[in-house]
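Q:
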Amino acid sequence: MNRVVKKTLSNVFALKIPRKPFCTEAVKVAGSTSVEAFNELEKNQTFSKVSPQYDIAIVGGGMVGIALACFLASMPMTKLLRVAIIDSNPALGSSLHIKKEDPPDPRVSTVTPASISFLQDAGAWKYVEKNRHAYFSKMQVWDYTGLGYARYNARDVDKDFLGCVAENKVLHNALLSSIKDSDFKTTIYPSRLTAMSLNTSSKSMVENTTSEEPLSARGHSAELQLSDGSSIYAKLVVGADGGKSHVRDLAGIKTTGWNYSQNAIICTVEHTSENGCAWQRFLPTGPIALLPMGDKFSNIVWTMSPTESNNRKSLTEEEFLKGVNSALNYGHGPHPTSSLLGTRDMFSWFKLDETISTNEFFEIPPKVTRLASERMVFPLSLRHANSYASKRLVLIGDAAHTVHPLAGQGVNLGFGDAFSLSRIIAEGIALGSDIGEVNLLKKYEAERKSANIMMMAILDGFQKAYSIDFGPLNILRGAAFHGANYISPLKKSIISYASGEHKLPIFF
Amino acid sequence: MASNHVRNLNRIITIHRIFHNPLLNARSFFSDASLPQTHPSHPSSLKDNELAKFASIADTWWDSEGPFKPLHVMNPTRLTFIRSALCRHFKKDPYSAKPFEGLKIVDVGCGGGILSEPLARLGATVTGVDAVEKNIKIAQLHAGLDPATSTIEFCCTTAEKLVEEGRKFDAVMALEVIEHVADPAEFCKSLAALTDPDGATVISTINRSMRAYATAIVAAEYVLRWLPKGTHEWSSFLTPEELVLILQRAGINVEEMAGFVYNPVTGRWSLSDDISVNFIAFGTKSKNT
Ligand SMILES: Cc1cc2nc3c(=O)[nH]c(=O)nc-3n(C[C@H](O)[C@H](O)[C@H](O)COP(=O)(O)OP(=O)(O)OC[C@H]3O[C@@H](n4cnc5c(N)ncnc54)[C@H](O)[C@@H]3O)c2cc1C
Ligand SMILES: C[S@@+](CC[C@H](N)C(=O)[O-])C[C@H]1O[C@@H](n2cnc3c(N)ncnc32)[C@H](O)[C@@H]1O
């Protein structure tokens with residue numbers, strides 16, 4: 001009786017935002033033009049007393065902050081936004097040319113298929129492919145006890161690859177290049193944020209009128225003070241300023257977290273031939289991972305006690321490499337003689353996991369012959385912001401959550417944040433919302449917090465249960481299949497592992 | 001059955017003299033001791049000392065956790081409906097960030113401007129009118145803080161007065177207002193008269209015959225927080241059928257109707273074909289009247 005006059009609701013009201021393939025022509029050489037696009041209006045604003053007004057101020061132009069700008073540039077709803085990026089990092093301002101022959105950087109990220117598809121849609125991935133990168137389709141995980149090993153092959157899940165390793169600078173530069181391709185209005189402030197006033201009430205806006213500017217020129221805006229003495233206004237402030245986020249502190253957002261009494265050594269090494277597989281071995285002191293980086297290079301992430309890490313960092317190159325080769329080979333124990341899958345009865349829970357290649361033999365990782373970068377040591381810690389969003393403010397990337405480098409997940413979680421936030425901003429614009437409105441921003445928080453916490457809980461579970469670290473490979477797999485509904489069997493096995501039902505530290 | 005609701009009153013505006021703490025109670029925003037005021041107040045007529053005074057009250061209208069929370073929470077949902085309905089009717093590009101460019105829209109009973117502002121951001125030329133002067137000042141002050149909305153024309157007047165002035169609009173909005181007016185049938189006639197022959201009318205209101213669970217949540221918000229005490233009985237709300245009927249008599253054909261359903265777990269509203277709680281109707285002028 002109440003339904004007298006309804007009509008085809010479903011198709012009328014479904015608001016679809018199309019994803020347009022971005023930038024089909026005029027592919028510029030990476031880094032050939034500057035992103036700095038001061039238009040005339042902005043120039044005038046900068047030189048007169050009136051502070052420029054933006055829709056969004058992204059504080060921190062690291063991989064995640066730039067990814068947000070890149071995603072916004074690629075959607076019809078958001079590409080007209082005026083965006084300021086505040087970061088004193090010189091990599092943003094100058095035209096950075098990355099050459100394939102440049103020595104490899106120790107800072108790399110293992111990019112999951114989900115992140116790759118975000119970057120593809122935004123037009124950035126093609127620039128990653130122009131530089132050094134390594135897709136890998138095989139993984140091998142084993143431990144020092146010699147009990148067993150597991151191998152994974154992308155083939156088994158009908159995929160071409162399990163992930164891709166690229167240097168952070170390559171990812172960063174690819175994102176910048178794709179913004180340059182667009183006509184997106186981005187202004188880069190080579191400066192640092194020093195103070196911030198969010199002006200969340202109309203009352204404060206009216207009462208704090210000190211300048212000659214009309215109220216409407218500032219809008220409902222946050223005011224940001226920069227280290228060069230200038231200030232800008234923005235309707236939305238995005239804190240993408242990393243683990244020690246100043247935006248987070250200025251907004252009074254507290255964090256929860258702890259440090260693990262373990263460090264990771266990160267460095268790049270060279271082999272005599274190209275490495276095509278991701279390797280991980282669990283040692284009594286913690287796992288060591290060897291990730292292919294392209295050419296003949298690999299990246300090493302090796303967890304150990306702080307004392308051991310400091311010792312290994314100061315060893316000569318020759319001694320250090322000897323340690324690496326031993327850790328990846330006979331060190332601490334023999335090679336496994338059988339595949340874990342050979343003993344189906346004992347490991348029946350493995351049946352959940354169809355990605356394990358049943359008929360591949362154990363292999364020894366390629367020998368490391370040269371140290372190709374400095375050795376960097378980082379303490380392992382976990383930190384999570386209690387809130388991601390308040391009026392006129394959101395946190396993304398490491399500013400919202402820091403997992404340690406070893407997980408290889410930091411940037412993937414951050415790309416997920418940036419992608420989700422860009423879609424929610426687009427949705428807000430489609431409905432005429434003020435993009436700094438807290439109800440809108442809380443949607444972003446709701447979407448990302450659960451995903452991030454789940455990942456962090458898994459990481460922490462591993463840490464606690466075995467007091468050794470989980471490796472990038474396990475987590476990578478978790479993330480890789482997250483979107484493809486592989487999650488339930490996967491989660492089951494992760495959880496049963498972490499909760500202590502299966503004590504074997506070789507896993508998946 | 002609509003005749004039950006046709007009151008024998010000349011004035012459309014209801015005046016209520018119950019005053020509560022203006023910062024705590026939304027009711028006071030629907031009444032004004034100095035009513036009716038029909039003179040338009042332009043931005044320039046707001047004095048500086050008044051600005052500060054109204055600014056603090058404005059925060060109440062605009063506090064998304066405050067007394068008007070239901071309107072804020074419902075806003076994206078009703079805008080989804082309005083956006084699709086108007087884009088289709090006026091053949092506007094649904095993928096544009098400003099699809100309403102070129103449309104003249106009046107928001108009748110605009111309150112603090114919660115609907116007027118998004119309409120302006122979507123490109124429309126917006127006029128917001130409300131019978132309560134205080135609301136208009138708040139709306140002006142708040143919209144004035146953002147260049148994207150500072151162009152909205154706010155007037156303290158009624159739909160009836162606008163009709164007398166001979167104003168016409170491409171689209172006429174009256175969201176969550178009809179339950180406050182004394183004579184819904186007369187009110188609908190005024191809305192029809194303000195609508196251009198090729199234009200559209202959008203009305204939303206609460207359903208009288210709500211289901212039990214919704215009554216607990218939604219009715220509490222409506223009756224306890226919004227409605228002037230003692231003046232509106234539950235029975236004075238309309239059902240969708242009644243609304244369709246009185247709109248039809250006023251010369252408006254309802255072409256689309258959607259329900260808003262409330263999810264108490266997420267605290268969000270969504271559009272559905274269930275019109276049993278709160279509903280929104282889109283109509284066009286009947287060609288033969
Ligand atoms: C040493 C190290 C190694 C890592 N290795 C890996 C790895 O192998 N794989 C992996 O997936 N993840 C790794 N991570 C994590 C990964 O790098 C981060 O998750 C990722 O970089 C987060 O990106 P972000 O943009 O959020 O923050 P960041 O990359 O930290 O960027 C923050 C940016 O904000 C800027 N900034 C800071 N303060 C201000 C301010 N006040 N005003 C303006 N700008 C400011 C900084 O200049 C910087 O450019 C590593 C992290 C560290 C620290
Ligand atoms: C519940 S509020 C709705 C505000 C706004 N339409 C919205 O949905 O966000 C109802 C508003 O209608 C106004 N109002 C009630 N009767 C009116 C009338 N006859 N003419 C104009 N405004 C009226 C009240 O002053 C109040 O601001």
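Residue numbers (the UniProt record's numbering), protein chains in the order written: chain G, 1 to 508; chain E, 1 to 289. Ideal placement from N, C-alpha and C gives every residue a C-beta, glycine not left out. These numbers were taken from a predicted model, which means no experiment stands behind them.
Is the separation between the beta-carbon of K185 of chain G and that of V83 of chain G shorter than 8 Å?
A: What you label residue 185 of chain G is simply residue 185 of the first sequence in a count that begins at 1. What you label residue 83 of chain G is simply residue 83 of the first sequence in a count that begins at 1. Taking 8 Å as the Cβ cut-off, K185 of chain G and V83 of chain G qualify as a contacting pair.
Q: Find out if the Cβ-Cβ distance for the pair P118 of chain E, L71 of chain E is shorter than 8 Å.
A: On the second sequence, residue 118 of chain E is found 118 positions in, with the first residue counted as 1. On the second sequence, residue 71 of chain E is found 71 positions in, with the first residue counted as 1. No, Cβ-Cβ distance for P118 of chain E and L71 of chain E is not below 8 Å.
Q: Measure from the alpha carbon of F169 of chain E to the alpha carbon of each residue in E:L141, E:D196, E:G259, E:P184, then state which is nearest.
A: The count along the second sequence starts at 1 and reaches residue 169 of chain E at position 169. For F169 of chain E, the nearest C-alpha among the options comes from E:D196.
Q: What runs of the beta strand (DSSP E), each 3 residues or longer, lie entirely inside the stretch 167-193 of chain G?
A: 185-189
Q: How would you call E186 of chain E, buried or exposed, if buried means at least 16 neighbouring beta carbons within 10 angstroms?
A: If you number the second sequence from 1, residue 186 of chain E lands on position 186. By the neighbour-count rule (16 or more Cβ atoms within 10 Å), E186 of chain E is buried.
Q: Report back the beta-carbon spacing between V126 of chain E and D146 of chain E to the nearest angstrom; my notes put them in contact at under 8 Å.
A: Within the second sequence, the letter at position 126 stands for residue 126 of chain E. Within the second sequence, the letter at position 146 stands for residue 146 of chain E. So it is not a contact: roughly 13 Å between Cβ atoms.
Q: Within 7 Å: the Cβ of N135 of chain E and any heavy atom of ligand 2?
A: In the second sequence, counting from the first residue as 1, residue 135 of chain E sits at position 135. Checking the Cβ of N135 of chain E against ligand 2 gives yes.
Q: Could you give the DSSP three-state label for E270 of chain G: helix, strand or coil?
A: As a working mapping, residue 270 of chain G is identified with position 270 in the first sequence. Strand, per DSSP.
Q: Helix, strand or coil: how does DSSP classify G471 of chain G here?
A: The residue labelled residue 471 of chain G in the question sits at position 471 within the first sequence. Its pLDDT being 44, under 50, G471 of chain G is placed unreliably in this model, and the value from its coordinates should be taken loosely. Three-state result, G471 of chain G: coil.
Q: Would you tell me roughly how many angstroms separate the C-alpha atoms of H220 of chain G and G286 of chain G, rounded to the nearest one?
A: Along the first sequence, read from residue 1 onward, the residue named residue 220 of chain G stands at position 220. Along the first sequence, read from residue 1 onward, the residue named residue 286 of chain G stands at position 286. Roughly 51 Å between the two C-alpha positions.
Q: Which partner residues of E223 of chain G appear in the DSSP bridge assignment?
A: Numbered from 1 along the first sequence, position 223 holds the residue referred to as residue 223 of chain G. Bridge partners of E223 of chain G: G:S197, G:Y233.
Q: Report buried or exposed for L271 of chain E, applying the criterion of at least 16 other Cβ atoms within 10 angstroms of its Cβ.
A: Mapped onto the second sequence, residue 271 of chain E falls at position 271. L271 of chain E is buried by the Cβ-count criterion.
Q: Counting only Cβ-Cβ distances shorter than 8 Å, please list the residues of the stretch 64-79 of chain E near chain C, keeping chain order.
A: Any reference to chain C falls outside this structure, whose protein chains are G and E.
Q: Can you list the residues of chain G that L119 of chain E reaches, using a CB-CB cut of under 9 Å?
A: By 1-based counting over the second sequence, the position of residue 119 of chain E is 119. Here the neighbours are G432.
Q: Does DSSP classify M139 of chain G as helix, strand or coil?
A: As a working mapping, residue 139 of chain G is identified with position 139 in the first sequence. Strand.
Q: What does a CB cutoff of less than 6 Å around A67 of chain G pick up in its chain, not counting 5 residues either side in sequence?
A: The residue given as residue 67 of chain G occupies position 67 in the first sequence. Hits under 6 Å: L175, F415, A418.
Q: On the DSSP bridge assignment, give the partners of Q53 of chain G in chain order.
A: Taking the first sequence and counting its residues from 1, the one referred to as residue 53 of chain G is at position 53. For Q53 of chain G, which the question treats as bridged, DSSP gives the partners G:Y233.
Q: Is D241 of chain G close to ligand 1? I mean its beta-carbon at under 7 Å from any heavy atom of the ligand.
A: Within the first sequence, residue 241 of chain G is the residue found at index 241, counting from 1. Yes, the beta carbon of D241 of chain G sits closer than 7 Å to at least one heavy atom of ligand 1.
Q: For ligand 2, any of its heavy atoms closer than 7 Å to the Cβ of C110 of chain E?
A: Residue mapping note: residue 110 of chain E aligns to position 110 of the second sequence, counting from 1. At a cut-off of 7 Å, the beta-carbon of C110 of chain E counts as near ligand 2: some heavy atom of the ligand is closer than that.
Q: Give the straight-line distance between the Cα atoms of S314 of chain G and K322 of chain G, rounded to the nearest whole angstrom.
A: Counted from its first residue, the first sequence places residue 314 of chain G at position 314. Counted from its first residue, the first sequence places residue 322 of chain G at position 322. Their Cα atoms are separated by approximately 14 Å.
Q: Hey, is L103 of chain E close to ligand 1, as in C-beta under 7 Å from one of its heavy atoms?
A: To locate residue 103 of chain E, count along the second sequence from 1; it is residue 103. No.
Q: Evaluate E242 of chain E with the Cβ neighbour count: other Cβ atoms within 10 Å of its Cβ, from every protein chain shown; 16 or more gives buried, anything less gives exposed.
A: Position 242 of the second sequence holds residue 242 of chain E. Classification of E242 of chain E: buried, given that the 10 Å Cβ count is 16 or more.
Q: Taking 8 Å as the CB-CB cut-off, is R249 of chain E touching chain G?
A: Mapped onto the second sequence, residue 249 of chain E falls at position 249. Closer than 8 Å: no.
Q: If the criterion is Cβ atoms closer than 8 Å, does the pair I288 of chain G and A327 of chain G meet it?
A: In the first sequence, counting from the first residue as 1, residue 288 of chain G sits at position 288. In the first sequence, counting from the first residue as 1, residue 327 of chain G sits at position 327. Yes.
Q: Taking C110 of chain E as the reference, which of E:V163, E:D59, E:E133 has the closest Cα?
A: Position 110 of the second sequence, counting from 1, holds the residue named residue 110 of chain E. Comparing Cα positions, the closest option is E:E133.
Q: What three-state label does DSSP hand D241 of chain G in the structure shown?
A: Residue numbering aside, residue 241 of chain G sits at position 241 when the first sequence is read from its first letter. It is coil, neither helix nor strand.
Q: Can you give me the C-alpha to C-alpha distance between H89 of chain E and D249 of chain G, rounded to a whole angstrom?
A: By 1-based counting over the second sequence, the position of residue 89 of chain E is 89. By 1-based counting over the first sequence, the position of residue 249 of chain G is 249. About 48 Å.
Q: Does the beta carbon of Y95 of chain E sit closer than 8 Å to a beta carbon anywhere in chain G?
A: Taking the first residue of the second sequence as position 1, residue 95 of chain E is located at position 95. Yes, Y95 of chain E counts as interfacial toward chain G.
Q: Mind checking whether H97 of chain G and G294 of chain G have CB atoms under 8 Å apart?
A: Your numbering for residue 97 of chain G matches position 97 in the first sequence. Your numbering for residue 294 of chain G matches position 294 in the first sequence. No.
Q: At which residues does the beta strand (DSSP E) containing E256 of chain E begin and terminate?
A: To locate residue 256 of chain E, count along the second sequence from 1; it is residue 256. Segment 252-263, the beta strand (DSSP E) holding E256 of chain E.
Q: Comparing alpha-carbon positions, which option in G:W125, G:G93, G:L291 lies nearest T110 of chain G?
A: Translated into positions along the first sequence, residue 110 of chain G becomes position 110. Checked all of G:W125, G:G93, G:L291; the closest Cα to T110 of chain G is G:L291.
Q: Pull up the distance between the alpha-carbon of F81 of chain E and that of Y127 of chain G, whole angstroms please.
A: Here residue 81 of chain E refers to the residue found at position 81 of the second sequence. Here residue 127 of chain G refers to the residue found at position 127 of the first sequence. Answer to the nearest angstrom: the Cα atoms are 40 Å apart.
Q: Please report how far the alpha carbon of L115 of chain E lies from the alpha carbon of R121 of chain E, in whole angstroms.
A: What you label residue 115 of chain E is simply residue 115 of the second sequence in a count that begins at 1. What you label residue 121 of chain E is simply residue 121 of the second sequence in a count that begins at 1. Each residue's Cα considered, the two are about 10 Å apart.
Q: Compute every distance between the C-beta of E176 of chain E and the non-hydrogen atoms of ligand 2, then say whether any falls below 7 Å.
A: Residue 176 of chain E sits at position 176 when you count from the first residue of the second sequence. Under cutoff, so the answer is yes.
Q: With contact counted as at least three CB pairs below 8 Å, one residue from each stretch, are the stretch 365-376 of chain G and the stretch 220-237 of chain G in contact?
A: no
Q: Please identify the residue among E:K189, E:N75, E:D198, E:A281 whose C-alpha is closest to the C-alpha of V244 of chain E.
A: What you label residue 244 of chain E is simply residue 244 of the second sequence in a count that begins at 1. Measuring from the Cα of V244 of chain E, the nearest candidate turns out to be E:A281.
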